[in-house]
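Each residue of the sequence shown is one higher than the last, beginning at 1 in my numbering. First comes the structure, then the notes that go with it.
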Amino acid sequence: MRAIKILTLVVLAVLLLLVAGRDHLLALGTAQLLRMRGATDVTVRVDRVSLHRVRFDTIAFSLPLAGDRLVFRLHNLSATYAPGSLVAGRVRDVSIDSLALRLPKQATTGGSPASGLPLSLAGTAWQRRLPLRRLTIRRLRLAGGRTGMLAGKDLSLAMTASDRGLHAVLALAGPPDTAPLRLRADLAKGGSLKLRLETGQEATTVSRLTLDAGRRGRLTSRFTVHLDRLARIAALFNITLPRLGGTINGSGSLATGSDTPAFSLALRSGELNISSLAVRTMVLRLEGTVRDHGREIALADASRLTLTNVQGPGFTAAGMDLPLASAWRRQGSALVLAPRPGRQWTLTGLAAAGWRCATLRLDPALTLTRRAGRTTLSLARAFRLQAGSISRGDLHMDGLALAPRQRTGIVLRPGKQWSADPGDWLLDRLVLSGPGRSLHLQPVTVAIGRMEGAGGHWSARADLQSQGVIIADRKRRLPLSRLAVHLEGDDSG
């Protein structure tokens, strides 16, 4: 916003200098005004000046921002105006043939990232900040930090202001064999903002978003995303997406009236397809607060993900119910996720590799840490996996439970490498039964010596011990006081 204010002041001050009628005085005055506003490396070249129009060949300067520099370079800037409107501080049209921006490497800091956003949409604040009727940038290029996939791409911007609101179109032109991408924005005088992302000559809608600014710093939104159309966008950036299908509808709210902004998000979809995963219905609800100036996000008890009829590679599930109450926080260079204790993740109607499981419950007593491409999953002793009613053919188990006997780490590294810490796991008492036979096991200690892999390859070494085993059939019963088994294997076959 500071840069926009500076450019506006420059244009207005420049026009007031027209009374001098001299190009070099206009260039000197513009350069001096930029320096007074903190700009350095200033270059200004005036092409021509008339009573109703001024044209600059070049304006270039840089501003200090976030410990770095924000660099502007404009070519062929033209401004038209009515002499009487200059007194009111307004111009008619501004057009720029080429604008290059080099952004700082780091984003600005200080305050919540959402603070003040709803107020900037409300009322007529935009009219005071944009003292022109039309702005056209025929070629816009971004470089430097925070540009992401837009770096080096050819963009264009057309913006029109009226008493009813503000309309803008940001367009991205891709290679000849790709469809253009456009972001349309309509800001109404009352504070409602509508965004539409569309692609192709036929203007096919990829997503829609409506933002409404309410009282006391509250912002509400409604949106729709067509997943099957995202591939058209990916082609513009040479990105290959997995197979996508389905439509997601959602709504959200953000309240920024305090130091801990509160937010909510609700997503709902019918049939979804993501690569080899298919879901009949999906409902996601997130409620929480942003704390410590954006360094921590706390999700409340109402946060939950529910899926039905899930089909994936080698498995199916009738339903998944995942409470998401947790805390996300940044510690130095690490991002840490800690689910709130006492919430169980529940999967029902599981089937995989010929086995069926009625219920699978997981107590997610864990923390997940992400740092420099390395992900560490740390399981506490309270972590517990419980399966109920397991069967395959005529074999049946009432259930089983598995838990670590110490804090255990699982590390994921680049290149799909993974490893688990050595340690003991406890498998609760279980009974495996079939027609006329059964196997009773007292609690089993699984001592993992090595477990690691990369991609589809794995290797493991472990020792199993149980203090009591009973093998029985219709005619005999064979008790064993102690069972010890050494296991070692890999995927080599």
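Just so you know, even glycine gets a beta-carbon here, dropped at the ideal spot from N, CA and C.
Query: Contacts around GLN417, its chain only, beta-carbon distance under 7 Å, and the 5 residues preceding and following it disregarded; Result: ALA454
Query: Beta carbon of ALA173 nearer than 8 Å to that of THR199; Result: no
Query: Three CB pairs or more closer than 8 Å across the segment 430-440 and the segment 454-463; Result: no
Query: For VAL411 and ARG374, believed in contact at Cβ under 8 Å, the rounded distance; Result: 7 Å
Query: contact_flag[the segment 388-396, the segment 418-426] where n(CB pairs < 8 Å) is 3 or more; Result: no
Query: Unbroken alpha helix (DSSP H) run spanning ILE297, endpoints; Result: Element bounds for ILE297: not the alpha helix (DSSP H) but the beta strand (DSSP E), 296-299.
Query: At least three beta-carbon pairs within less than 8 Å, the segment 199-208 to the segment 216-232; Result: yes
Query: Run of the alpha helix (DSSP H) containing ALA234, from where it starts to where it stops; Result: 230-236
Query: Three-state secondary structure (DSSP) of PRO341; Result: coil
Query: Beta-carbon proximity check, GLN406 vs ARG381, cutoff 8 Å; Result: yes
Query: Backbone CA spacing between ARG222 and PRO443 [nearest angstrom]; Result: 52 Å
Query: For GLY294 and PRO113, the rounded distance between their alpha carbons; Result: With a pLDDT of only 41 at PRO113, under the threshold of 50, the placement of this residue in the model should not be trusted, and no figure is reported.
Query: For SER251, the nearest candidate out of LEU209, PHE237, GLY214 and THR348 (CA to CA); Result: LEU209
Query: Counterpart residues of PHE315 in DSSP-defined beta bridges; Result: GLY312 and ALA352
Query: Start-to-end residues for the beta strand (DSSP E) that takes in LYS194; Result: 192-199
Query: Counterpart residues of GLY446 in DSSP-defined beta bridges; Result: The sequence given here has Val at residue 446, not Gly. VAL446 is bridged to TRP425 and LEU464.
Query: Alpha carbon of ASP490 to alpha carbon of PRO341, nearest angstrom; Result: 35 Å
Query: Simplified DSSP assignment, three categories, for PRO64; Result: strand
Query: LEU211 versus VAL290: straight-line alpha-carbon distance, rounded; Result: 20 Å
Query: Closest Cα partner of LEU284 within the set SER303, GLY67 and ILE274; Result: SER303
Query: Nearest neighbour of LEU157, chosen from ARG146, VAL94, LYS189 and SER192 [CA to CA]; Result: VAL94
Query: Cβ neighbour criterion (16 or more within 10 Å) applied to GLY191; Result: buried
Query: C-alpha distance - ALA358 paired with HIS440, whole-angstrom precision; Result: 21 Å
Query: 3 or more residues per run - each beta strand (DSSP E) lying fully within the segment 232-278; Result: 247-255, 262-269 and 272-274
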